[in-house]
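Numbering (our numbering), first residue to last: 1 to 562.
Next comes the structure, spelled out in structure tokens:
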């Protein structure tokens, strides 16, 4: 079938093929290819034309939310449909299976209205249902029906401290509800799941691209808060009877053929236990330096640094700024059969093939400093210390670099230059710091502007930060602002990339570090040697059309001296 503006008419045999595919959840991509359509959209258009109904794009349709007040919610889940609008006694309903006449008749009888079905893609329809009714709404609906009139008894029984109190948490409906919360987070690419205890129930939020976003949930879910938390404890192999102290655990799930690790942390709060889960999707990460977003100059300089025979290379930044990803990418870049790499981490977030990784366990005395001492007896060439937190670890790292090892680690500082002062403040001798630290990489993460909805940023020069490089703007239309669309969940951003500030130690910087001068002087020396600051790297990403002015302002501060 050839396609331009013309779409062929489907015959009865083709319609039967489409009907069977929808009924048995066969991917429509396969059907479109089989019937020689160029896209699923074209197939749906031809199907709608053959049936004499309209094909709608739910991302562009205004939904009359008042219809949900009287519409049977269970029918939405059972038949995968959604009411869009109503005029007098006629209701327009989006369906993903236009061949299911019984469902349309059932809705007409239940609502006592004439139903006009319109065809929508199944993916768009599921997104619409989740956004308006909340994650796990169908399961909650079943739970409410199952335990109607028994709310206070449920919550009271779960507050006990006997193992029998976990019975509700082990019921199939609660198990399915928790699974739906986890799978939805994985599907939307969340890095963290926050289940927070409130005076009246719970609040569910997902951290997506570094920013927390509230997740819609059914109101009735609140009465199963304790059951949800208990189920998560069981999955993470935690003590379900202990509610007074923080607990940490781990869940391993398999979602659509993907193995995902979930780190679980629980803390007691005023209104009950709150849970934060870190989602570690092994299949969604590849550790390559070329993929972290460094500009060509920083990439070339950092590749040179990580191939030095000895010394300390530090990566600095706040929690969640991508330090671990940068370090893992560096190790993956230099890993060969000729060198031995050992890491000591707390915790081990991802397992790296061909690298020996040690999990810190302070309860048995296995700290960063003690494990580092043992590591050096195993003849490593390269060592990664998860974080330099204290003087003992800093001194051991320094000694390791002096004895011919290349040491990677992280620090919590605001910029690259402050790393020298931070180590000195810990108690390391300034001359040791200056002679061992070869380079410091400071970094932040900014959100990528969504390419599906972004618009040119036409703000005036007066409304732009003073340090924005107007003279470097070759094409004004490449500077974008965020808008928001269904593909980016209305945020205007989709994905993230790094901002980097790479400081290479030279003779001038080593001399300044030995004399413990303020970090501002080290910054000036580094910039004279060619260092690009975080702010400057951010403006480069804005001019390249990758992020926005607002994002750079969110994560960086203006440089004091230019």
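Even for Gly, the Cβ is constructed at its ideal location relative to N, Cα and C.
On a predicted model such as this, the values are computed, not experimentally measured, just so you know.
Within 10 Å of its beta-carbon, does residue i have 16 or more other beta-carbons around it, so buried, or fewer, so exposed?
i, result
"residue 460", "exposed"
"residue 499", "buried"
"residue 12", "exposed"
"residue 102", "exposed"
"residue 114", "exposed"
"residue 273", "buried"
"residue 547", "buried"
"residue 388", "buried"
"residue 9", "exposed"
"residue 360", "buried"
"residue 192", "buried"
"residue 162", "In this prediction, residue 162 has a pLDDT of 40, which is less than 50 and means its spatial position is unreliable; what the coordinates show is noted afterwards. Exposed is the call here."
"residue 544", "exposed"
"residue 415", "buried"
"residue 464", "exposed"
"residue 537", "buried"
"residue 519", "buried"
"residue 338", "exposed"
Taking only three categories from DSSP, how would you classify residue i?
i, result
"residue 24", "coil"
"residue 421", "helix"
"residue 552", "helix"
"residue 310", "coil"
"residue 451", "coil"
"residue 368", "helix"
"residue 439", "strand"
"residue 334", "helix"
"residue 398", "helix"
"residue 431", "helix"
"residue 385", "strand"
"residue 516", "coil"
"residue 229", "helix"
"residue 291", "helix"
"residue 223", "helix"
"residue 18", "helix"
"residue 403", "coil"
"residue 55", "strand"
"residue 106", "helix"
"residue 148", "In this prediction, residue 148 has a pLDDT of 44, which is less than 50 and means its spatial position is unreliable; what the coordinates show is noted afterwards. In this structure, residue 148 counts as coil in the three-state DSSP scheme."
Pull up the distance between the alpha-carbon of residue i and that of residue j, whole angstroms please.
i, j, result
"residue 244", "residue 556", "39 angstroms"
"residue 201", "residue 223", "6 angstroms"
"residue 364", "residue 373", "16 angstroms"
"residue 105", "residue 541", "54 angstroms"
"residue 155", "residue 69", "Interpretation of residue 155 is limited by its pLDDT of 32, a score under 50 that renders its predicted location unreliable; the figure taken from the coordinates is listed afterwards. Rounded to the nearest angstrom, the two C-alpha atoms are 27 angstroms apart."
"residue 602", "residue 40", "Because the chain spans 1 through 562 in this model, residue 602 falls outside it and cannot be assessed."
"residue 385", "residue 340", "15 angstroms"
"residue 580", "residue 187", "Coverage of the chain is limited to positions 1 through 562, which leaves residue 580 absent and any answer about it impossible."
"residue 334", "residue 411", "22 angstroms"
"residue 93", "residue 22", "18 angstroms"
"residue 343", "residue 408", "9 angstroms"
"residue 356", "residue 378", "11 angstroms"
"residue 14", "residue 249", "52 angstroms"
"residue 116", "residue 253", "41 angstroms"
"residue 419", "residue 73", "57 angstroms"
"residue 181", "residue 278", "13 angstroms"
"residue 145", "residue 275", "With a pLDDT of 48 at residue 145, under the threshold of 50, the modelled position of that residue is not reliable, and no figure is offered here."
"residue 299", "residue 531", "12 angstroms"
"residue 456", "residue 130", "31 angstroms"
"residue 398", "residue 27", "57 angstroms"
By DSSP's criteria, residue i is part of a beta bridge. Which residues make up the other side?
i, result
"residue 122", "In DSSP, residue 122 forms no bridge with anything."
"residue 469", "For residue 469, which the question treats as bridged, DSSP gives no partner whatsoever."
"residue 493", "449"
"residue 206", "193, 213"
"residue 357", "343"
"residue 201", "198"
"residue 277", "193, 264"
"residue 503", "440"
"residue 90", "87, 114"
"residue 409", "314, 385"
"residue 322", "Answer by DSSP bridge pairing: none, since residue 322 is not bridged."
"residue 251", "262"
Any heavy atom of the ligand COA closer than 6 angstroms to the Cβ of residue i?
i, result
"residue 210", "With respect to the ligand COA, the structure shown offers nothing to examine, as it has no ligands at all."
**Prompt:** At a cut of 8 angstroms, does the stretch 297-308 reach the stretch 338-352 through at least three beta carbon pairs?
**Reply:** The stretch 338-352 and the stretch 297-308 do not touch, with fewer than three beta-carbon pairs separated by less than 8 angstroms.
**Cβ contact check for the stretch 206-213 and the stretch 224-234: 3 or more pairs under 8 angstroms** = They do not touch, by the three-pair rule.
**Message:** Taking 8 angstroms as the cut-off, does the stretch 309-316 touch the stretch 427-441 (at least 3 CB pairs, one atom from each stretch)?
**Reply:** Contact holds: three or more Cβ-Cβ distances are below 8 angstroms.
**Request:** Take every Cβ of the stretch 460-469, pair it with every Cβ of the stretch 266-286, and state whether three or more of those distances are shorter than 8 angstroms.
**Result:** As far as the Cβ criterion goes, the stretch 460-469 does not touch the stretch 266-286, which means the pair count is below three.
**Asked** Is it a yes or a no for the stretch 479-498 touching the stretch 449-460, going by three-plus beta-carbon pairs under 8 angstroms?
**Response** For the pair of segments examined, the stretch 479-498 was found to touch the stretch 449-460: the number of CB pairs separated by less than 8 angstroms reaches three.
**Message:** Closer than 8 angstroms is the cut-off here; do at least three beta carbon pairs connect the stretch 58-66 with the stretch 30-48?
**Reply:** As far as the Cβ criterion goes, the stretch 58-66 does not touch the stretch 30-48, which means the pair count is below three.
**Asked** For the stretch 387-394 against the stretch 490-508, are there 3 or more C-beta pairs whose distance is under 8 angstroms?
**Response** Under the three-pair Cβ rule at 8 angstroms, the stretch 387-394 does not count as touching the stretch 490-508.
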